[in-house]
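A.B. asks: Residue numbers (our numbering), protein chains in the order written: chain U, 29 to 162; chain R, 22 to 170.
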């Protein structure tokens, strides 16, 4: 594995494409996180809320996106992680996780990050600062 | 509606970064890396312990803010920000509380929107901050009407 600190400005982390979102993914996340808002798991509750179907927890997508950095956690850690929830994720959506190095400061790498659906729309986007251990 | 709630906070609640909870969480976000779940790998790592994924603090109990109850349904999560001093270690105790940082209202094409900015904090046993997590919660007009009813 290469070091995250070998990246040049403008380089991207290797993208990860998730398998199509399934109901069981969201049931598992509800159980693991304790977020039982029923619009994420129960069709009738989603339609009552005016949605065309159940939607993923925004925090499920945010949790997934951080794994771009997991291989590098011996070199440093995520010091700052900011996300704006820009769009909804529905069942069967295919989400791709992306990160791009924007800036390097003393021991800090500033990335922009996003999760993009099959239509190329960013469903969440934001920034991660990765801090190097010295 | 919530203006008088700015600055209020909950009492600290003791939480533990439980091994089983970390494993379930890592599985739920499809990030079953040995740094999170393999005990021996954790011992050999620079942390000498397994760590928790950055969005794990979602599972902690932050206590209740008096006279402040957001409904479980009908809210929009606008933004989420984590600040970490260091990763959370499996097995450690974390003292968590939540506070209302800000409240404001905006009228736009979706009608009157209410914004609540909440910040959760996790401290070690000496009261040193390990992380904060800030979330902006948007209350839409129909939900707000239900709340004030």
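We put the beta carbon where it would ideally sit given N, CA and C, even for glycine.
Determine the closest residue to residue 35/U out of 110/U, 100/U, 48/U, with distance taken between C-alpha atoms.
C.D. replies: Answer by Cα proximity: 100/U.
A.B. asks: Going by DSSP, name the residue or residues bridged to residue 104/U.
C.D. replies: In the DSSP output, where bridge partners are listed per residue, residue 104/U has 160/U.
A.B. asks: Where do the ends of the alpha helix (DSSP H) carrying residue 56/R lie?
C.D. replies: Per DSSP, residue 56/R belongs to the alpha helix (DSSP H) from 55-58.
A.B. asks: Between residue 47/R and residue 62/R, is the Cβ-Cβ spacing less than 7 Å?
C.D. replies: No; because the gap between Cβ atoms is not below 7 Å, this pair is not in contact.
A.B. asks: For the putative contact between residue 95/U and residue 154/U, defined by C-beta atoms under 8 Å, what is the C-beta separation to the nearest angstrom?
C.D. replies: Not really, about 15 Å apart at Cβ, beyond 8 Å.
A.B. asks: Since residue 36/R is in the beta strand (DSSP E), which residue starts that stretch and which ends it?
C.D. replies: It spans 34-37 - the beta strand (DSSP E) in which residue 36/R sits, taken as one unbroken run.
A.B. asks: With distance defined between alpha-carbon atoms, name the residue in 128/U, 133/U, 70/U, 66/U nearest to residue 139/U.
C.D. replies: The candidate whose alpha carbon is nearest that of residue 139/U is 128/U.
A.B. asks: Kindly confirm or deny that the stretch 114-129 of chain U and the stretch 99-113 of chain R touch, where touching means at least three C-beta pairs closer than 8 Å.
C.D. replies: Judged by Cβ distances under 8 Å, the stretch 114-129 of chain U makes no contact with the stretch 99-113 of chain R, as fewer than three pairs qualify.
A.B. asks: Three Cβ pairs or more, each shorter than 8 Å: is that satisfied between the stretch 142-161 of chain U and the stretch 68-75 of chain U?
C.D. replies: The stretch 142-161 of chain U, when compared against the stretch 68-75 of chain U, does not touch it at the 8 Å Cβ threshold.
A.B. asks: For residue 46/R, decide whether its Cβ has a neighbour in chain U, counting only Cβ atoms nearer than 7 Å.
C.D. replies: At least one chain U Cβ lies under 7 Å of residue 46/R.
A.B. asks: Within its chain, find whatever has a CB closer than 7 Å to the CB of residue 98/U; leave out the 5 residues flanking it on each side and keep chain order.
C.D. replies: If we look at residue 98/U and ignore the five residues flanking it on each side, it has no Cβ neighbours.
A.B. asks: Compute the Euclidean distance between the alpha carbons of residue 147/U and residue 117/U, then round it to the nearest angstrom.
C.D. replies: Their backbone Cα atoms lie some 11 Å apart in a straight line.
A.B. asks: Using a Cβ cut-off of 7 Å (strictly closer), state whether residue 55/U contacts chain R.
C.D. replies: Chain R, which has no Cβ nearer than 7 Å to the Cβ of residue 55/U, makes this no.
A.B. asks: For residue 110/U, list the residues DSSP reports as bridge partners.
C.D. replies: DSSP lists 155/U, 102/R as partners of residue 110/U.
A.B. asks: Would you say the stretch 84-92 of chain R touches the stretch 30-40 of chain R, given that touching needs at least three Cβ pairs under 8 Å?
C.D. replies: Contact between the stretch 84-92 of chain R and the stretch 30-40 of chain R is present, because at least three Cβ pairs lie under 8 Å.
A.B. asks: With burial defined as no fewer than 16 other Cβ atoms inside 10 Å of the residue's Cβ, what is the status of residue 162/U: buried or exposed?
C.D. replies: When all chains shown are included, residue 162/U counts as exposed.
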